[in-house]
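Quick note on numbering: the sequence shown equals residues 136 to 651 in this note's numbering. This report refers to the structure that appears directly beneath it.
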Amino acid sequence: MASSDSDSQLKIVHGDAGYILEDVPHFTDYILNLPTYPNPLRSNPAYSVAKQYFVHMDDTVPQKVVVHKNSLRGVHFRRAGPRQKVYFRSDDVHACIVTCGGLCPGLNTVIREIVCGLSYMYGVNKVLGIDGGYRGFYSKNTINLTPKVVNDIHKRGGTILGTSRGGHDTGKIVDSIQDRGINQVYIIGGDGTQRGAAVIYEEVRRRGLKVAIAGIPKTIDNDIPVIDKSFGFDTAVEEAQRAINAAHVESESIENGIGVVKLMGRYSGFIAMYATLASRDVDCCLIPESPFYLEGKGGLFEFIEKRLKENGHMVIVIAEGAGQNLLTESMQAMDQKDASGNKLLQDVGLWISHKIKDHFARKDKIAINLKYIDPTYMIRAIPSNASDNVYCTLLAQSAVHGAMAGYSGFTVGLVNGRHTYIPFNRITERQNKVVITDRMWARLLSSTNQPSFLSPKDLDEAKKAEQPPSELIEGSNCNDIGEAGEKENNFPHLLHGDNFKEEQQSENHADNSIRQ
């Protein structure tokens with residue numbers, strides 16, 4: 136028999152065979168005798184053809200899908216999607232949307248699909264956009280959002296709502312929510328933003344308000360844990376190819392040409408790693424998780440000399456957070472932080488370019504021509520590609536379904552190809568990083584044919600360290616998958632209609648009335 140143990144943000148349900156559900160809060164946890172209403176989707180002609188659209192209340196998604204025959208069932212998350220009963224009348228919903236932190240491809244798509252999802256699926260016509268991030272709740276005007284207003288915004292980069300870092304004042308924000316009569320809040324942002332959303336939820340709950348707080352995680356670096364990947368990542372990797380290709384053309388067109396490309400990745404090197412694997416023109420990839428050194432045997436300079444002698448040119452991709460420990464001249468500046476609490480990093484791309492030039496200037500036998508390219512803000516500012524547009528749509532719709540069903544204090548995310556509701560604390564507890572002892576990093580090293588730059592001591596420490604798994608690659612989800620059986624990211628899996636076919640035998644068919 137399942138046992139449950141609950142707290143304002145952490146609800147743990149235990150079941151048989153080591154089953155653990157890390158559930159998300161619900162209105163009924165702190166508000167008694169709430170009325171429920173039939174889901175408007177029952178009479179929505181768009182869904183009349185869906186055979187099994189509603190999610191069963193017991194549906195959960197495992198965090199780990201590769202197991203041994205004697206493995207425990209492990210941690211699960213509540214499956215996202217529409218429920219048969221909702222906790223809001225459509226006319227009573229007054230929603231708002233806010234975007235916080237840095238820019239990322241797909242922000243406008245998420246905004247658009249929240250507005251259209253509320254309107255087209257649930258008949259909601261009162262949606263506000265909060266201007267300028269968290270501080271916009273109490274210091275700026277709002278924007279009325281309708282399907283007509285947001286119709287074409289997915290074709291633009293950035294966010295039509297504006298954004299900012301910091302400015303979080305919980306009391307003022309919740310006062311504004313209460314004063315405006317808002318009862319659904321959709322918060323789009325990274326780990327700092329989601330931590331702020333968790334605090335807002337706590338205050339809303341303390342006041343006993345029937346207000347759903349739903350998060351949509353956003354980080355171009357893909358450094359949010361648990362979820363398979365974050366929206367905008369595919370677009371960033373694709374756009375990074377343009378910069379890498381330019382560096383390759385420049386370096387190949389002149390004797391001893393070196394192209395250096397700096398990509399996003401403050402603490403996690405996913406963009407640099409995947410852009411390198413996708414390009415096949417990169418000779419060396421440097422990321423924050425893998426230390427390197429410049430001078431001496433086995434160092435970066437030695438490898439550059441070797442590759443120039445072999446090919447006559449080379450391309451280096453470096454993540455913005457790589458090699459920060461080597462910038463000893465600027466260590467004092469590393470103590471400074473931005474409004475979001477992130478360390479202000481030195482420009483490692485510019486620094487390493489100067490170091491390479493200085494090194495070869497001292498060696499009369501090799502004259503190099505180096506070109507440095509930093510496409511960071513060009514990548515952040517573009518619209519999302521087709522893959523990310525589909526992903527953003529499903530994230531937005533999952534958030535809307537969750538809020539209408541009375542869930543709160545949650546963020547939406549893709550876990551093993553299924554959309555889920557995840558407690559805020561799981562999203563903010565750590566950062567997702569490339570595991571350099573994983574096979575994916577080994578694949579990159581074999582692709583570029585570069586050395587690891589790790590000393591035997593560094594390698595031993597990396598193997599012994601309990602590094603968090605990489606959700607996007609194997610990590611805890613896929614460590615035992617064979618080369619021929621790797622997980623595919625196939626977006627048709629994400630569509631609700633396909634997801635329900637295997638569960639039909641175990642679910643009731645009360646929702647057949649949707650077609651009546």
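Beta carbons are placed, not taken as given, at the ideal position from N, Cα and C, and that holds for glycine. The structure presented is a predicted model; accordingly, all values stated were derived computationally and were not measured.
{"Query": "CA nearest to the CA of L207, picked from L263, R442, G153, I503", "Result": "G153"}
{"Query": "Separation of S533 from I155, as counted between CA atoms", "Result": "22 angstroms"}
{"Query": "Contacting residues, own chain, Cβ-Cβ under 6 angstroms from V396 (five flanking each side not counted)", "Result": "A378, I379, A382, V452, I508"}
{"Query": "Nonlocal neighbours in the same chain, by C-beta distance under 8 angstroms from V280, ignoring five residues either side", "Result": "It should be noted that the sequence gives Leu, not Val, for residue 280. These residues qualify, in order along the chain: I232, I246, V250, V262, L263, G264."}
{"Query": "Rounded separation between G447 and R553 - CA only", "Result": "47 angstroms"}
{"Query": "Cβ-based burial, M575 [other Cβ within 10 Å; buried from 16]", "Result": "buried"}
{"Query": "Cβ pair K290, G324 closer than 8 angstroms", "Result": "no"}
{"Query": "Residue of E373, P558, I322, S311 minimising C-alpha distance to L344", "Result": "S311"}
{"Query": "Three CB pairs or more closer than 8 angstroms across the region 187–194 and the region 222–229", "Result": "no"}
{"Query": "With 16 other Cβ atoms within 10 Å as the buried cut-off, status of G306", "Result": "exposed"}
{"Query": "Rounded distance between the beta-carbons of D363 and S403, thought under 8 angstroms", "Result": "Rounded, the Cβ-Cβ distance is 14 angstroms, inconsistent with contact."}
{"Query": "Distance between I422 and V200 (C-alpha atoms, nearest Å)", "Result": "28 angstroms"}
{"Query": "Candidates K204, R340, Q187, C420: closest to Q219 by CA position", "Result": "Q187"}
{"Query": "Pair within 8 angstroms by beta-carbon distance, R442 and D418", "Result": "yes"}
{"Query": "Distance between beta carbons of R401 and G456, contact taken as under 8 angstroms", "Result": "5 angstroms"}
{"Query": "Cβ contact check for the region 325–344 and the region 558–568: 3 or more pairs under 8 angstroms", "Result": "yes"}
{"Query": "Straight-line Cα distance separating M539 from S178", "Result": "16 angstroms"}
{"Query": "Euclidean distance between Cα positions of D482 and P180", "Result": "54 angstroms"}
{"Query": "Ranges of the alpha helix (DSSP H) found wholly within the region 427–462, counting only runs of at least 4", "Result": "435–446"}
{"Query": "Cα-Cα separation between R315 and E337, rounded to whole angstroms", "Result": "19 angstroms"}
{"Query": "Validate contact between the region 421–441 and the region 582–589 using beta carbons, cut 8 angstroms, 3 pairs", "Result": "yes"}
{"Query": "Buried versus exposed, by CB contacts within 10 Å (16 or more), E248", "Result": "buried"}
{"Query": "Limits of the unbroken alpha helix (DSSP H) element including R300", "Result": "First-last for R300: undefined, no H or E at that position."}
{"Query": "Residues near G297 by beta carbon distance below 6 angstroms, same chain, minus five either side", "Result": "D266, G267"}
{"Query": "Span separating the alpha-carbon of I147 from that of I491", "Result": "53 angstroms"}
{"Query": "Secondary structure of D151, DSSP reduced to three states", "Result": "helix"}
{"Query": "Span separating the alpha-carbon of H149 from that of S299", "Result": "40 angstroms"}
{"Query": "Residues near Y526 in its chain [Cβ-Cβ closer than 7 angstroms; skip 5 each side]", "Result": "F366"}
{"Query": "Exposure of R214, with buried meaning 16 or more beta-carbon neighbours within 10 Å", "Result": "buried"}
{"Query": "Cβ pair P240, T370 closer than 8 angstroms", "Result": "yes"}
{"Query": "Extent of the continuous alpha helix (DSSP H) to which K492 belongs", "Result": "483–496"}
{"Query": "Neighbourhood of T511 by C-beta, 8 angstroms cutoff - its chain only, sequence neighbours within 5 removed", "Result": "K397, L398, M399, E455"}
{"Query": "Distance CB(P558)-CB(L167) smaller than 8 angstroms", "Result": "no"}
{"Query": "Residue closest to P518, alpha-carbon to alpha-carbon, out of S488, E374, N460, R497", "Result": "E374"}
{"Query": "Span separating the alpha-carbon of F368 from that of L253", "Result": "26 angstroms"}
{"Query": "Environment of V285 [buried if 16+ CB atoms lie within 10 Å]", "Result": "buried"}
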